Structure formats: C-alpha cells, structure tokens
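Chains as they are written, first to last, in this note's numbering: chain A, 241 to 623; chain B, 68 to 363.
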C-alpha cells in the first residue's frame with residue numbers, strides 16, 4: 241500500500257516534471273511531514289492519502305496557475321527526532337516551497353523554529369493552541385483549537401443544567417493538553433470538576449475507575465479526553481455498570497471506527513466536531529457543505545474507508561496553500577502574506593479568516609455538537 | 068468505602084486478573100519445555116484476535132475462532148522452525164533476544180496487514196451494554212466467557228502435562244534436555260510443539276478478550292508485560308499459580324485507584340515485578356529448589 245502510494249507520488253512527480261518541460265512553467269515542490277506509521281498513524285494515514293489525492297487532482301487540471309505541484313511526503317512515525325531531520329532536509333536539500341504537517345502538536349513544536357529560520361511556510365495539522373499562540377511569522381495551523389472544544393462542551397452543559405463533572409483523560413500529549421484546558425476554563429462556566437483521572441494510553445479496561453467515580457453521587461456528567469481506544473472502552477464500562485450520566489468526549493472521537501467499537505454503548509455520547517462528519521445533513525445554505533460532500537465522496541470512493549476529520553486537516557492545509565499561490569504567484573513571501581489575508585475561505589474544519597494575529601483563522605463556530613444515534617453521527621439538538 | 072464499591076472493584080480486579088493470567092499461561096508452556104521466556108507471546112494474543120476478526124467476514128463466530136487458533140498455531144510452529152530450531156545449543160539469553168526481535172517483527176507485519184485501527188469481535192452474548200446483575204455488582208457476560216475459557220485451559224493443561232506421555236516428554240525437556248535426549252525424546256519436536264500450544268492458547272485468549280479489550284496491532288506489548296509479571300509472581304511454569312497470581316495483581320490494581328491516581332496502575336505491576344525478582348524470583352507459589360535447577 242505504502243509502496244504503491246510512494247510510486248504513485250513519484251509517478252505524479254515525474255509526469256509533472258515532463259509537463260513542466262513542455263510548458264516551461266515552474267514546478268512547485270511541497271513537502272509534507274506526516275505520521276503515516278506509528279502511534280499517530282490514524283492521523284497521518286488519512287492525511288497522506290488526502291494530499292496524494294489532491295495533488296493528483298490539481299495536476300490533472302493543469303496545476304495551480306499552470307504550475308504543477310510536486311509532493312514530497314516524509315513519514316515521521318510521530319517521532320520528533322525524525323520530524324526535525326526531515327524538516328531540515330526538506331528546507332535545505334529539497335528546497336521546498338512550503339511544508340504541510342506535521343500530524344501532531346509535539347512534532348510541530350520541535351520544527352517551528354526550523355521553519356521560521358528557513359523562512360518556509362509551515363501549515364501544521366497539530367491541534368494544540370500553542371502552535372499559533374504566540375504567533376510565529378511562517379507558522380499556521382488548520383485544526384480547531386482545543387480551548388474552543390472545551391468551551392463548546394461547557395456551553396452545552398450549562399444548557400443542560402450540569403455543574404459538577406468528572407474529567408478522565410489519556411496520558412498522551414493530546415489528553416494532557418485537553419485536561420489542562422478543561423480545568424482552566426471550568427470556573428468561567430461555573431462548572432466544578434469533582435474528580436480527574438488519567439489512564440494509560442494502552443488501557444484495556446476502565447471498570448475500576450468507573451466504579452470509583454460512580455460511587456460519587458454528585459457527579460452529573462463525565463468528560464473523556466483522548467484519542468485512543470479507551471474512548472470506546474469508557475463508554476462500554478459506564479453503561480455496563482449501569483451508570484447513565486451524560487458522557488462527553490473530545491473532538492478526537494470524530495472517527496466512526498470508535499462508534500463501531502463501542503457499539504450500543506456509543507449511543508448518546510455528546511462531542512464537538514467539525515462539520516465533515518455530518519456533511520450530508522447540513523442545510524444547503526452552509527458554505528462548507530458542497531466541499532465537504534465532494535471531499536468525502538472523492539476520498540471514500542478512492543480509498544474505500546470513511547473520511548475522518550483528520551484527513552480534513554491536511555485537505556485544508558493544502559487548499560489554503562493552493563489558494564494563496566493562486567492569488568499571489570510563486571513568491572514565498574507574497575504567498576505567506578496572502579495566507580494571512582485569506583478571509584471567508586471555507587475548508588473542512590470551518591470557515592477560515594486569517595489575520596496577522598490569528599494564524600488558525602477558525603472561531604468557535606467551526607465546531608458543532610454531535611451525538612451518536614443508531615450508530616451514526618447526528619447533530620445534537622439538546623434535550 | 069461502601070460495600071457496593073468494594074464488590075464492584077473486586078470484580079473489576081478479577082476481570083483484569085483473569086485476562087493477565089490467560090496470557091501468563093502461554094509464557095509458562097514455552098518455559099516448561101525450553102526454559103526460555105517467549106516475549107512474542109503478546110503478539111500471539113494479538114494475532115488470534117486479528118485473524119478471527121478477519122475470518123468473521125466469511126465464516127460464523129465459532130469457526131472464525133477455531134480458524135484463528137489454528138492459523139496462529141501454524142504461525143507459532145513456523146516461527147520456531149525458521150528462527151529457533153536450527154540453532155545449535157543456543158544460550159537462553161540469545162533465545163530471549165530472538166523472541167524480542169520476533170515480537171517487533173510480528174507487530175510490524177500486523178500493522179501492514181490490518182492497519183492501525185482498532186477492531187473487535189462482537190460480544191458472544193448480548194451487546195456492549197448488556198450486563199449481568201450479581202447482587203449489587205454488574206458486569207459484562209463476556210467476562211464469564213473469559214473466566215470459563217481460562218478455567219478449561221488450566222484444567223486441560225494440568226491433565227495434559229500430568230497424565231499424557233506427550234505432556235510428560237515436554238516437561239522432561241525442560242527439566243534436563245540432555246537426559247531427555249538420552250531417553251529417546253525428540254527435544255526439537257517438543258520445542259516446536261510447545262510454541263504451537265502456547266500460540267494456540269494465546270490466540271484463544273485474544274479471541275475471548277477481544278470484545279472487552281479490543282484488538283489493535285500493538286496490543287501485545289502491554290498484555291505481555293502484565294502476563295510476564297503474573298507468570299513471575301506465580302512462579303514460572305505453573306499455570307494454576309498464574310491464575311492465582313493474576314487475580315492477586317488484578318485486585319491490587321483495581322483497589323489501588325482508591326488510594327493512588329489511576330495513572331499509577333501500571334507502576335504497581337512493575338513495582339511488584341521488581342520486588343518479586345529481588346526477593347522471591349521463584350514466585351509466590353514456586354519452590355526455590357526447583358527454580359535453582361533451572362538455567363533461568
């Protein structure tokens with residue numbers, strides 16, 4: 241599979257090279273550092289496949305303003321050391337126009353400075369807010385900020401009259417960052433966190449912790465923050481124990497595979513997510529609807545697996561870059577400025593409005609609250 | 068602590084314990100014939116789960132499980148024949164390092180075949196929210212399946228090692244390889260057979276626990292670590308002791324969360340492992356004299 245993919249990319253690269261000879265136009269070399277294998281492969285896999293698909297599509301249409309795109313994907317396996325050496329390699333040897341990725345926040349933190357020093361645009365697919373806060377000149381990110389997800393959840397809880405909660409999180413970078421935001425923002429919404437528990441990312445059963453939390457009768461809801469299978473395990477253990485308080489999850493739950501894994505126990509889980517997962521039931525007036533449906537259809541028919549929001553982050557990164565090149569030409573500095581000036585640009589994660597102060601460009605509206613009904617994601621309407 | 072919570076935690080502990088024990092039994096079988104620890108044991112568990120899930124697309128559940136056990140046994144035999152059988156009088160350390168390498172190899176192969184996503188078999192009875200009520204305690208009926216399978220395996224193995232000539236020959240290999248050869252036992256075949264047997268038991272464990280724990284390409288490492296701890300705790304080579312030790316570890320882990328944060332759950336297993344290795348390397352139920360005769 242991977243080999244085929246590499247061959248395909250190489251073939252596309254060669255073709256575009258041949259095309260360039262004929263047309264005399266420039267080839268734009270775009271680097272990507274993605275965790276295609278390893279522990280974060282559920283992020284990097286869809287991201288890499290999405291980019292391959294998009295580059296193929298763009299080149300088939302004759303490229304961006306007649307310039308073909310050459311994609312160089314490096315598999316970091318979510319290792320920061322590899323990400324660092326690939327970033328240097330892409331900037332110094334390959335002399336890429338821009339870098340898409342890395343897949344995780346941890347890797348992004350390590351290569352931000354390299355991109356800054358190399359004056360190379362970096363469009364990260366990492367979720368952590370610290371990537372764009374404080375703003376670094378050449379660093380942008382496409383996933384929604386985790387603080388917005390937390391606020392969205394707390395907003396919903398307030399509506400439901402919930403004020404005392406328990407927080408459980410996985411011991412990954414994502415889980416820790418989310419737990420921090422949950423604890424920090426809780427007072428703003430008048431929410432009291434009665435218990436916090438952190439479990440190992442390889443946890444296979446959480447019935448003991450469920451029993452412990454359940455014994456505290458004051459807890460009105462549970463928030464789980466992780467991207468590991470435990471998302472499904474905690475749902476099962478809670479329902480098996482007969483505990484029926486609402487279960488909230490993070491936007492990391494936005495993968496239908498977890499719903500399948502939790503089966504009947506997934507019913508009624510509430511979580512914030514981008515609109516991709518409910519594209520087909522959005523109103524037609526939604527600015528994202530058309531592109532979401534197209535991306536979903538293209539991806540699913542090409543790769544025979546459900547599209548996830550994670551692949552969407554790479555989609556956004558590439559489309560933002562392509563749009564900026566289209567408006568500003570092939571000068572790196574001008575393209576960077578063009579990204580910063582990009583307004584009302586619909587992507588899979590939301591409608592992007594970049595500015596000199598905001599290199600993420602999304603607001604809270606990028607999230608919608610979803611729930612699981614009959615094994616499918618649907619919009620959460622409240623009780 | 069209320070009585071309800073006590074029993075709920077107790078049962079959670081027994082669940083963990085039985086899962087660890089059934090992995091530990093696989094370690095014990097290979098140890099019993101070769102005197103080595105097979106660190107790829109967790110990967111057999113993973114393979115069992117993965118293969119049965121793939122087979123389930125074409126055949127009914129019982130056949131899928133049977134097929135997965137059979138295929139994993141063949142994999143176990145092939146691994147032994149390709150990587151271990153032809154070695155001339157290998158040292159224990161060398162064999163152990165080979166098994167560590169094998170575990171990484173199997174994991175990577177599984178990643179390329181099945182990808183990174185989590186899978187699971189359906190619950191054998193009911194679904195994800197079905198629970199059996201036992202007094203004030205509620206638990207998934209799947210746990211009864213795991214306990215049942217574990218019981219059958221332990222009983223079967225005790226009969227096998229105690230009363231069949233094949234079982235006794237396997238034990239002879241471990242007790243004294245040279246003497247076993249002199250008695251006309253084909254020790255190499257015995258080793259191959261022990262790999263098959265432990266692969267099969269691992270695969271069966273992987274199938275029955277899959278609805279509870281899920282199956283992912285890298286689930287083996289964590290399970291192997293706990294299984295290894297339990298095998299040491301009980302005393303290497305003794306399946307019955309492994310069950311007792313597994314339940315002890317499981318209950319300790321479950322009750323630990325009332326005192327220390329959940330994140331320390333794994334630290335407890337490792338601490339226990341280290342203490343045992345320092346103080347009673349022959350295990351809680353093992354005999355010091357018997358352990359002293361072993362190379363490892």
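We put the CB at the ideal spot given by N, CA and C, even for glycine.
These figures come from a predicted structure and were not determined experimentally.
Asked                                                                                                                                   : Found
Neighbourhood of residue 536 of chain A by C-beta distance below 6 Å, restricted to the same chain and skipping five residues each side : 519, 547
Inter-residue CB distance, residue 127 of chain B and residue 189 of chain B (contact presumed, cutoff 8 Å)                             : Not quite, the Cβ-Cβ distance comes to about 11 Å (not below 8 Å), so this is no contact.
Residue of B/286, B/79, B/74 minimising C-alpha distance to residue 320 of chain B                                                      : B/79
At least 3 beta-carbon pairs within less than 8 Å: the region 144 to 161 of chain B vs the region 462 to 471 of chain A                 : no
Residues that residue 447 of chain A contacts on chain B, provided the C-beta gap is smaller than 7 Å                                   : 79, 82
Touching by the beta-carbon criterion (3+ pairs, under 8 Å), the region 339 to 346 of chain B and the region 243 to 253 of chain B      : no
CA nearest to the CA of residue 456 of chain A, picked from A/434, A/441, A/358, A/448                                                  : A/434
Distance, residue 512 of chain A Cα to residue 83 of chain B Cα                                                                         : 32 Å
Where residue 410 of chain A meets chain B, residues with beta-carbon distance less than 8 Å                                            : Under the 8 Å cutoff, chain B gives no residues; its nearest Cβ is about 10 Å from residue 410 of chain A.
At least three beta-carbon pairs within less than 8 Å, the region 391 to 405 of chain A to the region 363 to 376 of chain A             : no
Residue 609 of chain A, DSSP secondary structure in three states                                                                        : strand
Proximity test, Cβ basis, 8 Å: residue 108 of chain B and chain A                                                                       : no
Proximity test, Cβ basis, 8 Å: residue 407 of chain A and chain B                                                                       : no
Cβ-Cβ distance between residue 479 of chain A and residue 196 of chain B below 8 Å                                                      : yes
Cβ neighbour criterion (16 or more within 10 Å) applied to residue 381 of chain A                                                       : buried
Cβ contact (3+ pairs, closer than 8 Å) linking the region 304 to 317 of chain A and the region 574 to 591 of chain A                    : no
Proximity test, Cβ basis, 8 Å: residue 174 of chain B and chain A                                                                       : no
Residue 368 of chain B at chain A interface by Cβ criterion, 8 Å                                                                        : As shown, chain B starts at 68 and ends at 363. That puts residue 368 of chain B outside it, with no answer to give.
Run of the alpha helix (DSSP H) containing residue 332 of chain B, from where it starts to where it stops                               : 332 to 346
Cβ of residue 206 of chain B within 8 Å of any chain A Cβ                                                                               : yes
Which residues DSSP lists as bridging residue 307 of chain A, in chain order                                                            : A/304
Spatial distance of residue 640 of chain A from residue 362 of chain A (CA atoms)                                                       : Only positions 241 to 623 of chain A appear in the structure, and residue 640 of chain A is not among them; the question remains open.
Residue interval of the beta strand (DSSP E) (run including residue 206 of chain B)                                                     : 204 to 206
Backbone CA spacing between residue 282 of chain A and residue 494 of chain A [nearest angstrom]                                        : 12 Å
Closer than 7 Å: residue 394 of chain A CB and nearest the ligand SAM heavy atom                                                        : This structure simply doesn't include the ligand SAM, nor any ligand for that matter.
Contact with chain B by residue 479 of chain A, beta-carbon distance below 8 Å                                                          : yes
CA nearest to the CA of residue 356 of chain B, picked from B/332, B/302, B/338, B/306                                                  : B/302
Ordered list of beta strand (DSSP E) runs contained in the region 194 to 281 of chain B, each at least 3 residues                       : 199 to 201, 204 to 206
Test: residue 194 of chain B CB closer than 8 Å to a CB of chain A                                                                      : yes
Per-residue contacts from residue 254 of chain B into chain A (C-beta, under 7 Å)                                                       : Correct list: empty, because the minimum Cβ distance to chain A is about 36 Å.
Contacts of residue 469 of chain A in chain B (Cβ-Cβ under 8 Å)                                                                         : 185, 281, 283
Beta-carbon proximity check, residue 297 of chain B vs residue 107 of chain B, cutoff 8 Å                                               : no
Residues that DSSP places opposite residue 510 of chain A in a beta bridge                                                              : A/488, A/611
For residue 158 of chain B, the three-state DSSP class (helix, strand or coil)                                                          : coil
Cross-strand partners of residue 437 of chain A (DSSP beta bridge)                                                                      : A/408
Which listed residue (A/364, A/622, A/360, A/610) has its alpha carbon closest to that of residue 489 of chain A                        : A/610
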